[in-house]
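What follows is a single structure, written as structure tokens, with notes after it.
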Amino acid sequence: MKNKFKYGEASLIDFTKAINEYGWIVYENALDETFVDEINEDLIRAYEVRRQVQVKNGISINMEGTLHHLIDSEGFGLKFLGQMFCDQEMKQFLKGNYVVNAFGGVMNAKGNTPYVQNIHRDIRSFMGDVKLMVQMMVLLDDFTEENGATYMLTGSHKVDEKPDPEAFYAKADRAVAKKGSIILFDSNLWHAAGTNTTDKLRRVLTLSFTRPFLKQQLDYPRSLGYDFGESLSEELRQVLGYKSRVPANLQEYYQPVHKRMYQPDQG
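Using this note's numbering, the first residue of the sequence shown is number 284, and each one after it goes up by one.
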């Protein structure tokens with residue numbers, strides 16, 4: 284199966300062939316070790332904040348080790364997005380500009396049974412050849428079969444029906460790859476996190492990117508602040524959704540083109 288490349292060495296033709304045929308592609312050596320260590324360090328703080336809210340709101344069961352919406356003004360999220368990893372590949376897949384729909388992570392530990400271990404796909408409705416969303420996994424540890432490397436049912440992005448568990452686990456490939464790798468996959472692909480049988484964490488970032496007209500899982504521009512967005516690069520404003528906002532009143536709606544909250548190149 285030819286779906287593994289060194290980051291920066293695969294062409295868009297290689298990407299298109301792999302994502303169409305297999306539904307997923309691996310880019311090795313995408314992040315340097317220093318940046319990965321920085322992210323892992325910050326995940327500790329981020330998880331403590333999110334776990335407190337999960338427990339307080341009574342949704343802690345099957346959420347162990349999961350983190351959601353890792354974008355704030357101080358953490359690693361903006362730094363990661365600002366590096367525009369796989370930008371051309373995602374523009375190719377989504378046929379134009381895109382925004383981050385969700386930015387989360389998983390710290391898979393021995394004994395945990397988070398919901399991501401269920402067989403699932405990351406888009407609710409099967410869209411066939413219409414591409415609305417693409418997934419990104421950023422490996423923060425080596426992925427091995429022992430520590431829960433994700434099961435990927437190669438080619439299943441072309442199938443609407445959820446696979447039978449016995450058939451899924453018999454046929455699925457494992458996303459075995461090195462720390463610092465990035466995996467892109469079609470959001471229609473059926474997959475499931477594996478079980479970690481080791482004594483060490485298996486950490487990963489999980490991101491969704493969509494065409495700009497789809498709702499983000501969190502309103503990142505409003506969360507970060509509209510004024511804060513003025514300090515960001517045009518590329519980062521695009522990815523965060525600052526160029527595809529929804530007006531809340533007539534004053535925001537009736538604006539010259541260059542000031543409109545929803546810009547004309549957003550699909």
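Every residue gets a Cβ at the ideal spot worked out from N, C-alpha and C, and that includes glycine.
Taking the alpha-carbon positions, what's the residue i to residue j distance?
i: G529; j: D355; result: Reading off the sequence, residue 529 comes out as Val, not Gly. Going from the Cα of V529 to the Cα of D355 covers about 21 Å.
i: Q335; j: D297; result: 43 Å
i: L533; j: N384; result: 26 Å
i: P516; j: Y525; result: Before going on, a small fix: residue 516 reads as Ser here, not Pro. Roughly 11 Å between the two C-alpha positions.
i: K289; j: L436; result: 22 Å
i: I327; j: H541; result: 41 Å
i: E292; j: R494; result: 26 Å
i: P448; j: V319; result: 33 Å
i: N401; j: M410; result: 21 Å
i: G463; j: N395; result: 23 Å
i: F468; j: R485; result: 19 Å
i: T481; j: Y434; result: 17 Å
i: G358; j: Q371; result: 25 Å
i: A392; j: N345; result: 12 Å
i: P539; j: R520; result: 19 Å
i: M390; j: G348; result: 5 Å
i: E513; j: P446; result: 46 Å
i: W307; j: I466; result: 7 Å
i: N479; j: K362; result: 29 Å
i: D325; j: D315; result: 16 Å
i: E331; j: Y503; result: 21 Å
i: A450; j: R543; result: 50 Å
i: L377; j: A313; result: 21 Å
i: E321; j: N303; result: 34 Å
i: A301; j: R404; result: 18 Å
i: G341; j: M284; result: 43 Å
Between residue i and the rest of its own chain, which residues show a CB-CB distance below 8 Å, the 5 nearest in sequence each way excluded?
i: G360; result: L353, I354 and F386
i: I406; result: L415, M416, S470 and N471
i: G379; result: R494, D548 and G550
i: K339; result: none
i: D425; result: A460, K461 and K462
List the whole-angstrom C-beta distance separating residue i from residue j, where the pair is believed to meet the contact cut-off of C-beta under 8 Å.
i: Y305; j: N286; result: 5 Å
i: L422; j: A460; result: 6 Å
i: G431; j: G477; result: 4 Å
i: Q375; j: T299; result: 6 Å
i: L295; j: V382; result: So it is not a contact: roughly 21 Å between Cβ atoms.
Give every residue of the same chain whose Cβ lies closer than 7 Å to the Cβ of residue i, excluding the five residues on either side of it in the sequence, and list them in chain order.
i: M367; result: E518
i: D443; result: F409
Ordered along the chain, which non-local residues of its own chain (more than five positions away) have a Cβ less than 6 Å from that of residue i?
i: E428; result: R457
i: Y545; result: S527
i: Y536; result: P530
i: R333; result: L350
i: L501; result: H352
i: Y398; result: N345
inquiry  = Counting beta carbon pairs with one atom in the stretch 418–426 and one in the stretch 485–493, are three or more of them shorter than 8 Å?
reply    = The stretch 485–493 vs the stretch 418–426: in contact.
ask   = Pairing CB atoms from the stretch 497–517 with CB atoms from the stretch 428–445, are three or more of them under 8 Å?
value = In short, these stretches do not touch, since the Cβ pair count stays below three.
request  = Within the stretch 344–388, note down every full beta strand (DSSP E) run reaching 3 residues or more, in order along the chain.
outcome  = For the beta strand (DSSP E) assignment, the stretch 344–388 encloses no uninterrupted run of at least 3 residues.
ask   = Considering only residues of the stretch 443–499, which uninterrupted beta strand (DSSP E) runs meet the minimum length of 3 residues and lie entirely inside it, listed in chain order?
value = Correct list: 465–469 and 485–493.
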